[in-house]
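Residue numbering for the sequence shown is 40 to 795, as defined by the working numbering.
Quick reminder that beta carbons are idealized off the backbone N, C-alpha and C, glycines included.
Presented below is the structure to which this report refers.
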Amino acid sequence: MPITWDPDARTFHLHNGQLSYLIGVLDNGTLGQLHFGGPLAAGRSYAHLAGREFLGFDNRLGQPVPLEYPSTGTGDYRVPAIVVEQPDGSTALDLRYAGHRIVSGKPALPDLPATYVESDEEAETLEILLVDVPADLEVRLLYTLFAGRPAITRSARIRNAGRSRQTIRCAMSVSQDLPDSEWDLLQLSGSWARERHLRTRRLEAGLQSIGSLRGASSHQHNPFVALARPSTTEDDGEACGFSLVYSGNFLAEAEVDEFGTTRLRLGINPRGFGWALEPGAEFQTPEGILVHSDHGLEGISDALHGLLRERLARGRWRDERRPVLLNSWEATYFDFDEERLLALAFAAKELGIELFVLDDGWFGERNDDTSSLGDWTVNRAKLPGGIASLAASIESLGLRFGLWIEPEMVSPRSRLFARHPEWAVGIPSRPRTESRHQYVLDLARPEVVDHLFGTLSDLLRGARVSYVKWDMNRTITEPFSATLPADRQGEFFHRYVLGLYSLFDRLTKAFPDVLFESCAGGGGRFDPGLLAYAPQAWTSDDTDAIERLRIQWGSSLAYPLSAMGTHVSTVPNHQVGRTTPLATRAAVAFFGVLGYELDPLLLSELERREVTAQIAWYRDRWELFQRGRLVRFRSPFAGDGNETAWMVVSPGGQRAVVGHYRVLNRPNPGPARLRLRGLDPATIYRVTPWPDDADPVGRANAGLRGGDELMRVGLVVQTDDPADSRQDGDFRARLFDLEAVAAAGGADEGGENGDA
Ligand code: GLA
């Protein structure tokens, strides 16, 4: 069994051969954290790791005792995992072990998305009960260890066992005490149109944190951080990843104390948070995911990709091939009518597009972004036959039909706002701040969630809608819910997120065949919480191929390619005005869930042929891109960022696609190769350059190559003739398609090895 309890040593060992997590019940009953990291042998005693006699909370000097769920006010001055205010206003807590149980499988978390198992053999769950006697407070720590994955999930359930109300001020999902601070902190930070850029900084004495207070996980920071040894590379060295299955305000914080130990905490942002626990009531924190790797950052990405793709995303579309879509936004913005849409759809169908998505502008009086959010009835001036007739016409072309919607919002200029101004988030005594001319609906109110469920259900039932793009284009200001009393306004943000999850839960259950894609002004809510309902998300409003290299590289640290919507758009690009080759735009968009976001009627005949070939090429490899393993070679965040290279490879290593991208061409570059990883050294691969092998680099690689050669010598990315690169131009991308033809020496074709 992967979770063992040693009653003599009073230790828990969570072990699966890939990682170990050791928890000890210390002499005074507090819960100590003994190890989180590489695997330790099962069946041994690790009691001695608790060190000398534990002085615990008696130690007012604050010696760095590693603790499992630290509190505040009783001698540990580092950042706490839990703060609960008592009726007298005090917050000190002293949680002691009171029992535990180990169950097979993984129980669901009430009202929150979480990873899951499909059979009980996939995981074991440990529940440890801690009690603070004076406060009558119970804390259940939940840990699930997955078989065959270097991943553990943890969360806490807090129960008021007393007779008066207590108020939770802080309840973290994750709190890890690490014995040293020789770590780099990796975070995914940015802004609108440049989300999830990888930032790295060395841990220092004191606090360092990222988070969100916007009501959504945000463009600015993602609820994921990693700690990596300064010497850790993509494929070597130690790294730990921490991801939060949550879409609202979060905090990820590292504290380095005076002895150089590190505490890392991750959970709902405590700033402004307060949750009243009445006697007998419980509060469940979101789930945190911990992954560990002894072989570099790719180890933590592999673990997260597998878990998020296979055991967080759910429903039919988790495994099914996602359709290649055309989204109307950058083709038409608000300016369209039925005829225009059908013309786009007809042209899209000819290219091999499978799903036509009608973006913003189809409802109410929506001709720009100043009105109508909330009025989800069709604009008959644009679409006289309504959505049902448009969807039917699109389907008769042999396409599926998808629709954009922004359910959480209301425009001040809308019928819904006129009817229900009180449904918009705001403080009655002050004006509401408008952003993109809109307000946010109060999803903490059950009647708002019911209304949205009804509206969306009618929409999905009234027309053949196969796909929904669910947008959220502003974040929350004047946080307040009229449904909550003054002393419970600290619950607002979390209740909003719970309302959102319940809406998604009801809709995905009622419409299991609909593919949901989440979006928030691009990637403003690109997080594991929404991934549980919407298996793909719009990665960024920035569709420029060069900008996307950084966005997709950063995102790939923590998210699988199957989660990233990636589109080929027109040039000059609408966000940065850059003109990149069509092949480069596709070569970047292939590494995700492919779509197009342009007017196909404006393509030349040659471009139409190119796009048709791209779609066919991608469809032939969908499984590789949707389920393959991503291997990162050259980072756009390293050096001057001029080069990026990555690869997807099938689980058995039989098929792979390598992408190599160069931003600016430079004169007289000198020969260069790219050494691959993750292939089978004994396999012979047929290397086929894409889009063609007409250029010298393509010619230099085309043919049969051993996996050993590809990994130890590498692909040519620059020939030894300086003249060859003169025609390349800027923004050049090359793909190399690798297909196994035989194991080395085993087949006839082996003799061809080396032929171009
Ligand atoms: C957001 C989305 C875009 C588009 C517009 C429509 O910005 O990210 O893709 O849907 O809204 O208003």
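**Study point:** Option in A315, E644, R357 with minimal Cα separation from R527
**Key:** A315
Check your understanding: For D97, is the classification buried or exposed, using 16 other Cβ atoms within 10 angstroms of its Cβ as the cut-off for buried?
Key -> At D97, the pLDDT of 49 sits below 50, so the modelled position is not reliable; the number obtained from the coordinates is stated separately. Looking at its Cβ environment, which holds fewer than 16 other Cβ atoms inside 10 Å, D97 is exposed.
Review point. Does the distance from the C-beta atom of L383 to that of L554 stay below 8 angstroms?
Key: no
Check your understanding: Looking at the structure shown, is Q575 part of a helix, part of a strand, or coil, going by DSSP?
Key -> strand
Practice item. Could you check which residue in L774, A571, S608 has the C-alpha nearest to that of L151? Key: A571
Practice item. Output the distance between the C-alpha atoms of G538 and S286, rounded to the nearest integer angstrom. Key: 12 angstroms
Practice item. Would you mind listing the alpha helix (DSSP H) stretches within the region 580-622 that are 4+ residues and don't spill past its ends, in chain order? Key: 584-597
Review point. Are A278 and G335 close, meaning C-beta to C-beta below 8 angstroms?
Key: yes
Point to revise | Assumed close pair F375, G400 - CB separation to whole angstroms, cut-off 8 angstroms | key: 7 angstroms
Review point. Skipping 5 residues on each side, what residues in its chain have a beta carbon closer than 6 angstroms to that of N406?
Key: F373
Check your understanding: Going along the chain, which unbroken runs of the beta strand (DSSP E) with 3 or more residues stay wholly within the region 642-688?
Key -> 668-673, 682-688
Check your understanding: Considering only residues of the region 189-220, which uninterrupted beta strand (DSSP E) runs meet the minimum length of 3 residues and lie entirely inside it, listed in chain order?
Key -> 190-199, 205-217
Review point. Ligand 1 heavy atoms versus the CB of N512: any closer than 7 angstroms?
Key: yes
Practice item. To the nearest angstrom, report how far apart G201 and G68 are at their CA atoms. Key: 21 angstroms
Exercise for review: Could you check which residue in D760, W356, S251, S129 has the C-alpha nearest to that of D552?
Suggested key: W356
Check your understanding: Cβ atoms of A210 and T324: under 8 angstroms apart, would you say?
Key -> yes
Check your understanding: How many angstroms separate the CA atom of L803 from the CA atom of Q665?
Key -> Because the chain is modelled from 40 through 795, residue 803 falls outside the range shown and cannot be assessed.
Exercise for review: Kindly list the residues whose CB is nearer than 8 angstroms to the CB of F93, restricted to its own chain and excluding five residues on each side of it in sequence; keep chain order.
Suggested key: With a pLDDT of 49 at F93, under the threshold of 50, the predicted position of this residue should be treated as unreliable, though the coordinate-derived value follows. Around F93: L65, D66, N67, T69, G71, V104.
Check your understanding: Under the three-state reduction of DSSP, which class applies to N366: helix, strand or coil?
Key -> strand
Practice item. Between the Cα of S367 and those of G678, G753, D45, Y635, spot the shortest distance and give me the residue it belongs to. Key: Y635
Check your understanding: Can you find a heavy atom of ligand 1 that lies under 7 angstroms from the Cβ of D408?
Key -> yes
Review point. Can you list, in chain order, the residues of its chain whose CB lies under 6 angstroms from that of N612, leaving out five sequence neighbours each side?
Key: D583
Review point. Secondary structure at D150, three-state DSSP: helix, strand or coil?
Key: coil
Review point. Should W368 be listed as close to ligand 1, given that the test is whether its C-beta is under 7 angstroms from any heavy atom?
Key: yes
Practice item. Put G785 into one of helix, strand or coil per three-state DSSP. Key: Its pLDDT being 48, under 50, G785 is placed unreliably by the model, and the measurement read from it follows with that caveat. In this structure, G785 counts as coil in the three-state DSSP scheme.
Check your understanding: Among D489, L88, E447, which residue has its Cα nearest to the Cα of Q477?
Key -> E447
Exercise for review: Helix, strand or coil for Y724, going by three-state DSSP, please let me know.
Suggested key: strand
Practice item. Taking 8 angstroms as the threshold, find out whether the region 691-706 comes into contact with the region 773-783 through three or more Cβ pairs. Key: yes
Check your understanding: In the DSSP assignment, what residue or residues form a beta bridge with A463?
Key -> L480
Review point. Alpha helix (DSSP H) containing K508: first to last residue?
Key: That residue, K508, is in no alpha helix (DSSP H); its beta strand (DSSP E) goes 506-509.
Check your understanding: So who's on the other strand from R694, going by DSSP bridges?
Key -> E778
Review point. Under 7 angstroms from any heavy atom of ligand 1, does the C-beta of D399 make it?
Key: yes
Review point. By Cβ distance below 8 angstroms, which residues in the same chain neighbour V504 in space, the five residues on each side in sequence not counted?
Key: I426, A430, F440, G441, L442, L498, V553
Practice item. State the Cα-Cα distance for the pair P218 and E292, rounded to the nearest angstrom. Key: 16 angstroms
Review point. Are the region 233-253 and the region 540-551 touching, with three or more C-beta to C-beta distances below 8 angstroms?
Key: no
Check your understanding: Is there contact between the region 163-175 and the region 124-140, where contact requires at least three CB pairs shorter than 8 angstroms?
Key -> yes
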